[in-house]
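To keep things clear, I will list the structure first and then write my remarks on it.
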Amino acid sequence: MCAYVLACSGVRVLMLEAGRDYDPVTETPMFQLPRDAPLRAASTPEKPFGFYDATVDGGWRVPGEPYSSADGADFMWWRARMLGGRTNHWGRISLRMGEYDYKPHSRDGLGFDWPMSYEDVAPYYDKTEMLIGVYGSNEGLENTPNSSPGVLQPPPAPRATELLTQKVCGDQLDIPVIPAHLAIMTQRQEAERLSRALWPNNSLAQRVTFESMRSRASCFYATDCSRGCSIKANFQSPTVLLPPAMATGNLDIVTDAMVREVTVDSRGRATGVHYIDKRTRLDEHVSARVVVVAASACESARILLNSKSGAFPDGLANGSGLVGKYVMDTVGAGVSGQIPALENCPPHNTDGASGMHLYMPWWLYQEQARGQLDFARGYHIEFGGGRRMPGYGAFGGIESLTRGSYGQAFKEDCRRYYGSFMYFDGRGEMIPNQDCYCEINP
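Here the sequence shown is numbered in our numbering, starting from 1339 and rising by one per residue.
Written out as structure tokens, the structure reads:
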């Protein structure tokens, strides 16, 4: 995003990518079925999210890039070593933080307030949603901000499992179940209107953004978004941000470039970076007037902590000693099960837009304010299931229901139970604390 905005604004930009080049248009296995892949596309140590996952290089463990965890800890660090990084791999869930989320310490005394408010950031949420394409709806719920009119794309219709959840949780338990916000296009973008709205006084930016938007198709529910998207319906930076930035003529990209240090002058101002060319193993240096470090939390900390000099003996920008400290991760827990009400559903396509069509935002703010809960903050719930494209493990746990059936009886049991399994995953907030940190291993 930074490269796109700067390049469109006329700034010459050099982007250094630690991983290899990657083009989702030519490399995405959009139409292959699980049956066409080794082990029916099941997860393996090399491909923990399945054979077709878009992470073509990297993962939990990256050869030549070891890290260690403290005794008794097992920190799982996912690194996507490819152009676009995690934008190729994520679930496309694009929820806004609300006003409470920017001032949490003021509400419960825990963590820290942001130095900005939701009102400061809201216009940029609008711009980002217009640019990348996000579906959803405005519901006016507490701390669940609305987008401006004309920003969101229409959400896809709920699936049977989602309608059942909405009926039970929404109608009977008074838990809101509303359209999710995902960066997947359900319709073609209004390229002319949006490019003008995003760049009202910049004809070059309007042109490259218009052309990029015109090249994107809406989702036609082919395969899982985690594979990537050759039609550019979902958001990945190699298809949505980098092509228009390159079209300005202001962006150069060097891949397989592992940055090791930011260099500074006698005044302590950044002058460039040293990086290792992973193909030649040579140490290279590039000069720049401004250096933007945007390498994810732990990788950015690694670069800054290794950037030592007379002016910064403990690492660049680390006068406070807080670089790498207060690392946060997403808190999550889930349950799954078989729903009898969904047995014997007639055959129908429930693939949809890969991710969730509905979700449950946090709904107990008032109860929390009254002291009725024994924990701080909250969580949202993602859920799904149904008659998705079958692959290895699609009928997980079915043996506990079929009681050893075989032959024709087994086929009938599969028809009965197919689509009746659901999962519910809660995603919460971690309170930042001094015991969670990363540092350079001596």
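Don't be surprised by glycine CBs; every beta carbon is placed ideally from N, CA and C. Quantities reported herein were computed from a predicted structural model and do not represent experimental measurements.
With DSSP as the reference, label residue i as helix, strand or coil.
i	result
Tyr-1755	helix
Glu-1457	helix
Leu-1739	helix
Leu-1479	coil
Ile-1470	helix
Leu-1532	helix
Gln-1491	strand
Asp-1446	helix
Asp-1451	coil
Pro-1517	strand
Met-1420	strand
Arg-1358	strand
Asp-1439	helix
Gly-1729	coil
Arg-1526	coil
Asp-1615	strand
Glu-1500	helix
Asp-1300	Within the shown structure, residues of the chain are numbered from 1339 to 1780, placing residue 1300 beyond reach of any answer.
Tyr-1463	helix
Ala-1379	helix
Where residue i and residue j are concerned, what is the direct C-alpha to C-alpha distance, given to the nearest angstrom?
i	j	result
Gly-1610	Gln-1710	53 angstroms
Met-1368	Phe-1558	11 angstroms
Ser-1553	Ala-1571	10 angstroms
Leu-1377	Pro-1770	41 angstroms
Pro-1383	Tyr-1730	15 angstroms
Ser-1407	Ile-1778	11 angstroms
Leu-1654	Ala-1608	9 angstroms
Cys-1776	Tyr-1703	33 angstroms
Arg-1677	Ser-1758	The question names Arg, but residue 1677 is Ile in the sequence shown. In a straight line, the C-alpha of Ile-1677 is about 5 angstroms away from that of Ser-1758.
Ala-1691	Ala-1649	51 angstroms
Val-1472	Arg-1434	11 angstroms
Ser-1455	Ala-1543	28 angstroms
Pro-1651	His-1623	21 angstroms
Asn-1682	Val-1506	19 angstroms
Phe-1573	Gly-1429	10 angstroms
Asp-1667	Glu-1767	8 angstroms
Gly-1670	Trp-1416	16 angstroms
Arg-1765	Thr-1561	24 angstroms
Gly-1449	Pro-1442	7 angstroms
Gly-1745	Arg-1708	58 angstroms
Ser-1645	Pro-1780	15 angstroms
Asp-1751	Val-1546	54 angstroms
Can you check DSSP and say which residues form a bridge with residue i?
i	result
Met-1760	Gly-1675, Gly-1723
Ser-1625	Gly-1610
Val-1351	Leu-1589
Tyr-1775	Lys-1663
Gly-1396	Ala-1418
Arg-1434	Answer is none; Arg-1434 lacks a bridge partner.
Gly-1766	Val-1669, Tyr-1717
Would you verify that the beta carbon of residue i is, or is not, closer than 9 angstroms to some beta carbon of chain C?
i	result
Leu-1479	The structure shown contains no chain C, having only a single protein chain.
Practice task
Return the chain-ordered ranges of every beta strand (DSSP E) run that is complete within the region 1634–1718 and spans a minimum of 3 residues.
Solution key: 1669–1676, 1696–1698
Exercise for the section: Inspect the CB distances between the region 1478–1487 and the region 1531–1542 and report whether three or more fall short of 8 angstroms. Expected result: no
Handout entry: Given 8 angstroms, three or more beta-carbon pairs between the region 1384–1397 and the region 1558–1568
Key = yes
Exercise for the section: Say whether the region 1347–1363 touches the region 1587–1601, bearing in mind that this needs 3 or more beta-carbon pairs closer than 8 angstroms, one atom from each stretch. Expected result: yes
Handout entry: Start-end ranges of the beta strand (DSSP E) lying completely within the region 1573–1613, minimum 3 residues
Key = 1589–1592, 1595–1602
Problem - Cβ pair count under 8 angstroms reaching 3, the region 1575–1584 against the region 1421–1437 - result: yes
Problem - At least three beta-carbon pairs within less than 8 angstroms, the region 1499–1513 to the region 1458–1467 - result: no
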